[in-house]
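Undergrad: Please see the structure below; I have some questions.
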Amino acid sequence: MALGAVSIGFGVRNHRKQKRAIANSTTVQGTVTGIDVEEDSYSEGTTYRPQLEYEYEYLGESYTGDDLYPGTLDSGYNTEKKAREVLDEFTEGGPISLYVDTDDPSRSFVFRETTPVRNVGAVFAGLVIIGFGLLIAL
């Protein structure tokens, strides 16, 4: 059941962290330095994760980044095609508009939105784990 509580806490914490990062961000221009799709194979199947690397300047300092969304959860897709579609609008060496956390300019992200499916998924998984724990305890 402790694992369930941790999962719920993670989902709620990540959602709040994403909202705070969005609220504290400003738009900057950068340059795309790398584009790829990472393939992760598990016993349940394969997940494809879009990878985008970029560099930018904020208040005269240079930074690099690779987060698509604010927070700690990145998005995975069940097909390589869907992952590549996320990257279609970007060109290596081309310009990119991104968002920088004004409280911590080393943190940046490309899409100014939360990842609700991931956050809700973590909360739901935690509830399922706690439910099974309660059933076993009875």
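The sequence shown begins at 1 in our numbering and counts up by one. All C-beta atoms, glycine included, are put in the ideal place defined by N, C-alpha and C.
So, are the CB atoms of R112 and I22 less than 8 Å apart?
TA: yes
Undergrad: Which of the three DSSP states, helix, strand or coil, is assigned to V110?
TA: coil
Undergrad: Quick check: what's the CA-CA separation for G71 versus R107?
TA: In this model, G71 and R107 are separated by some 9 Å (Cα to Cα).
Undergrad: Rounded to whole angstroms, what is the Cα-Cα separation between P105 and G45?
TA: 36 Å
Undergrad: Under three-state DSSP, which class holds E61?
TA: strand
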